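A short worksheet on the structure shown next.
2 protein chains.
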Amino acid sequence: MSDLDIARVASQSGLPASTLRYYESLGLIHPVGRHGLRRQYHPSVLQTLGLITLGRAAGLNLAEIKLMFAADGQPQIDRERLNHKADELDETILRLSAVRDGLRSVARCEAPSHLECPSFLRLITAATYQHKRKSQPRRP
Amino acid sequence: MSDLDIARVASQSGLPASTLRYYESLGLIHPVGRHGLRRQYHPSVLQTLGLITLGRAAGLNLAEIKLMFAADGQPQIDRERLNHKADELDETILRLSAVRDGLRSVARCEAPSHLECPSFLRLITAATYQHKRKSQPRRP
DNA sequence: TCTTGACCTCAAGTGAACTTCAAGTCGTAT
DNA sequence: ATACGACTTGAAGTTCACTTGAGGTCAAGA
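These protein sequences, in sequence, are chains A and B. In this text, residue positions in the first sequence follow our numbering: the first is 5, and each later residue adds one. In this text, residue positions in the second sequence follow our numbering: the first is 5, and each later residue adds one.
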């Protein structure tokens with residue numbers, strides 16, 4: 005009755021229908037049924053999509069996100085994994101903050117070449133050696 | 005004399021040689037010369053690579069990063085662009101902070117299903133509708 | 001009833017950032 | 001002097017997250 009067709013889910017979630025079908029192909033979402041050929045979704049799919057978007061924003065890839073769902077599609081989030089991800093975000097945020105500060109000071113810097121700008125060199129050194137790389141979101 | 009061969013640059017920068025050649029093919033770095041066929045690098049390439057790594061961490065793609073270099077390989081950074089990127093980083097940081105806080109509160113949440121957890125729903129809503137997506141680094 | 005157009009499937013294409021491969025070159029140690 | 005192994009090239013392959021395209025189906029409105 006209050007089920008949603010794909011166009012509705014697309015417009016409400018902001019994701020194109022092709023992405024919804026793609027997510028379905030990965031087992032991330034599931035229509036409740038079909039109307040003819042057409043997918044019908046339970047409104048809760050919007051929360052699920054929110055969770056996926058959230059996970060992507062947090063730097064999870066779709067495979068990792070899939071691990072957050074039990075077979076029934078209910079979120080089943082491992083608290084440890086979650087806290088771990090939050091820790092990673094902390095690191096990322098710190099690093100990005102440093103980068104941002106560095107960018108601003110380089111923008112202000114008057115040294116003839118940035119390679120002679122102390123704050124620039126400090127920034128580069130910090131950014132390069134301070135962290136190990138880990139997977140990040142991609143947003144096309 | 006104190007020039008570095010590719011293996012040395014690779015080990016010091018943490019980037020594989022193939023990536024260094026790839027960056028060279030994009031015009032991001034330049035060997036000072038060759039020893040036979042072998043690339044020799046000026047030590048300053050490490051700073052350049054630091055800048056590239058930094059830019060990637062800040063969410064720039066390689067094309068954008070290239071714009072930060074003049075023809076001579078000296079960083080030649082458009083202050084406006086730089087400040088603009090810093091502003092974008094501010095947004096990113098805010099969003100990631102919200103996500104991190106959300107993750108932590110979901111981890112603490114006792115609701116039987118996350119879909120019944122108010123903070124989770126708030127988080128999802130915020131994450132979904134609050135930002136427009138922009139390009140981010142990819143780190144394999 | 002017929003037309004329309006939004007949906008369907010499956011395969012292939014895209015773009016970014018690399019990585020791998022095959023075949024060849026050459027500096028260095030023995 | 002010769003062998004070894006680290007380097008070279010250019011092209012092709014890989015991964016991720018989608019997007020596009022061709023050709024087909026079908027619910028709903030005129």
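Backbone N, C-alpha and C fix where the C-beta goes; we use that ideal spot for every residue, glycine too. The model shown is predicted, which means the values in this text are computed figures rather than measured ones.
CA-to-CA distance, residue j to residue i, given in whole angstroms
| i | j | result |
| --- | --- | --- |
| residue 16/A | residue 47/A | 10 Å |
| residue 38/B | residue 45/B | 9 Å |
| residue 111/B | residue 69/A | 15 Å |
| residue 19/A | residue 6/A | 20 Å |
| residue 150/B | residue 86/A | Within the shown structure, residues of chain B are numbered from 5 to 144, placing residue 150/B beyond reach of any answer. |
| residue 109/B | residue 72/B | 40 Å |
| residue 99/B | residue 58/A | 10 Å |
| residue 103/B | residue 113/A | 33 Å |
| residue 11/A | residue 126/B | 24 Å |
| residue 122/A | residue 121/B | 48 Å |
| residue 40/A | residue 13/A | 17 Å |
| residue 84/A | residue 21/A | 33 Å |
| residue 101/B | residue 101/A | 11 Å |
| residue 49/A | residue 23/A | 13 Å |
| residue 88/A | residue 105/B | 12 Å |
Start and end residues, alpha helix (DSSP H) containing residue i
| i | result |
| --- | --- |
| residue 88/B | 83-112 |
| residue 59/A | 49-61 |
| residue 6/B | Unbroken run through residue 6/B: none, as it is neither H nor E. |
| residue 69/B | 66-70 |
| residue 24/B | 21-29 |
Neighbour flag for residue i against chain A, beta carbons, 7 Å
| i | result |
| --- | --- |
| residue 86/B | yes |
| residue 134/B | Low confidence applies here, because residue 134/B scores a pLDDT of 41, under 50, leaving its location unreliable; read the following figure in that light. Taking Cβ atoms only, chain A never reaches closer than 7 Å to residue 134/B, which makes this a no. |
| residue 108/B | yes |
| residue 12/B | no |
| residue 111/B | yes |
| residue 93/B | yes |
| residue 83/B | yes |
Chain B within 7 Å of residue i, Cβ atoms only
| i | result |
| --- | --- |
| residue 126/A | no |
| residue 21/A | no |
| residue 89/A | yes |
| residue 97/A | yes |
| residue 24/A | no |
| residue 103/A | yes |
| residue 67/A | no |
| residue 100/A | yes |
| residue 72/A | no |
Beta-carbon proximity check, residue i vs residue j, cutoff 7 Å
| i | j | result |
| --- | --- | --- |
| residue 53/A | residue 90/B | no |
| residue 35/B | residue 25/B | no |
| residue 30/A | residue 66/A | yes |
Own chain partners of residue i with C-beta closer than 6 Å, once the 5 adjacent residues on each side are dropped
| i | result |
| --- | --- |
| residue 137/B | Summary for residue 137/B: the model assigns pLDDT 37, below 50, so the residue's position carries little reliability; its value from the coordinates is reported in the next sentence. None. |
| residue 27/B | 33 |
Own chain residues within Cβ distance below 8 Å of residue i, not counting five before or after
| i | result |
| --- | --- |
| residue 140/A | Bear in mind that the predicted position of residue 140/A carries a pLDDT of just 40, short of 50, making it too unreliable to give a figure here. |
| residue 32/B | 52, 56, 66, 69, 70, 73 |
Segment limits, beta strand (DSSP E) that includes residue i
| i | result |
| --- | --- |
| residue 37/A | 37-39 |
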